[in-house]
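Protein chains: 2
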Amino acid sequence: MERNTRQRTAIRQAIAEAARPLLPQEILQAAEVAVPGLSLATVYRNLRTLVEEGELLTVTLPGEVARYEIAGAGHHHHFQCESCQRVFEVHACPGNLAGLAPQGFVVERHELTLYGRCADCSDPKRPASARKPARAHGH
Amino acid sequence: MERNTRQRTAIRQAIAEAARPLLPQEILQAAEVAVPGLSLATVYRNLRTLVEEGELLTVTLPGEVARYEIAGAGHHHHFQCESCQRVFEVHACPGNLAGLAPQGFVVERHELTLYGRCADCSDPKRPASARKPARAHGH
DNA sequence: GTGGATGCAAACTCTTTGCACCTTG
DNA sequence: CAAGGTGCAAAGAGTTTGCATCCAC
Chain A
336 MERNTRQRTA
346 IRQAIAEAAR
356 PLLPQEILQA
366 AEVAVPGLSL
376 ATVYRNLRTL
386 VEEGELLTVT
396 LPGEVARYEI
406 AGAGHHHHFQ
416 CESCQRVFEV
426 HACPGNLAGL
436 APQGFVVERH
446 ELTLYGRCAD
456 CSDPKRPASA
466 RKPARAHGH
Chain B
336 MERNTRQRTA
346 IRQAIAEAAR
356 PLLPQEILQA
366 AEVAVPGLSL
376 ATVYRNLRTL
386 VEEGELLTVT
396 LPGEVARYEI
406 AGAGHHHHFQ
416 CESCQRVFEV
426 HACPGNLAGL
436 APQGFVVERH
446 ELTLYGRCAD
456 CSDPKRPASA
466 RKPARAHGH
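Residue numbers (the working numbering), protein chains in the order written: chain A, 336 to 474; chain B, 336 to 474.
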């Protein structure tokens, strides 16, 4: 049976408030404000549980680690800003992609990712350097 | 200056012969036939070098580790078979995706991945279980 | 001969797991 | 109070790197 712990509540809320797919690290940062001492392992365990329950969706962009978003928005795609690295939902779809595959291939679903500049970063009045990127590690 | 070692030659050839994007592990397996004792570190080092030189392309599908393919095929997308997990090139593109993003977003490029059954796996005469999957790990 | 390349093992990042303790229902 | 949840640290997978040795040019 499912329990409602402070930790789970804080994790759920952090994702709900973000309105965009978040990294586990970002979720930890947002949720540990409400629950000091929250561990990354707990974030991962809850993410898995919430995905299995269908409350969250895993968003995996090419070459990126998994992000998490609230489920229920229906079929959609994602846009990643190449300036701030943040990911946004795109509620549009080119559709009708079954014909693109070679002879004999059966297309069942598709993933589309758009790249470019988000509204903030393409606005000359608000340069990218003024905003905090969604991830900061540099290999 | 670039050198042509037996290792680099074997790695290059393994990828060229595959005609589809390969995992580092698959490249190692194919290349160590020609160069016994080849190490995975050498595969990774050469992959990086060859990508930097523009000879190879990194193919990163959502939620998958990087694969590598020969560069120069022009703009294309990929198809992953959900039965054998292998990845194939798709030389078609829906095009004209710039209009899908929200107001103020600038689309510069896109990635599209199709999922379904490859020609082999959708052919009832050749069941998937008869073919070797491209990756075998099961978390 | 010398600088790039290799093999090995250790280090690193991201994620999962074992275990003892704690907390919710 | 029992089952599920948590924190910590250790373990795993995939990838990178330090270092001594090797070998192409």
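In this text, a Cβ means the ideal position worked out from N, Cα and C, and glycines have one as well.
Just so we're clear, the structure is a prediction, and the values are computed from it rather than from any experiment.
- Of all residues in the region 389-415 of chain A, only T393, V394, T395, L396, P397, G398, E399, A401, H412, F414 come within less than 9 Å of chain B when Cβ atoms are compared, listed by chain position.
- Residues of the region 448-460 of chain B whose Cβ lies closer than 9 Å to any Cβ of chain A, in chain order: T448, L449, Y450, G451, R452, C453, A454, D455, C456, S457, D458.
- The beta-carbon of P429 (chain A) is placed less than 8 Å from the nearest beta-carbon of chain B.
- Scanning chain A for C-beta atoms nearer than 8 Å to the C-beta of L385 (chain B) yields nothing, as the closest lies near 17 Å away.
- The beta carbons of V370 (chain A) and L435 (chain B) sit no closer together than 8 Å.
- Between L363 (chain B) and P429 (chain A), the gap from beta carbon to beta carbon reaches 8 Å or more.
- Within the same chain, V386, A401, Y403 come within 7 Å of T393 (chain A) by CB-CB distance, once the 5 residues on both sides are set aside.
- Counted as a single uninterrupted DSSP element, the alpha helix (DSSP H) harbouring R343 (chain A) occupies residues 341-353.
- With its beta carbon less than 8 Å from one in chain A, R444 (chain B) belongs to the interface.
- When DSSP states are grouped into helix, strand and coil, L358 (chain A) belongs to the coil group.
- Our two residues, Y379 (chain A) and N339 (chain B), have alpha carbons roughly 45 Å apart in a direct line.
- Per DSSP, reduced to three states, the secondary structure at Q438 (chain A) is coil, with no helix or strand assignment.
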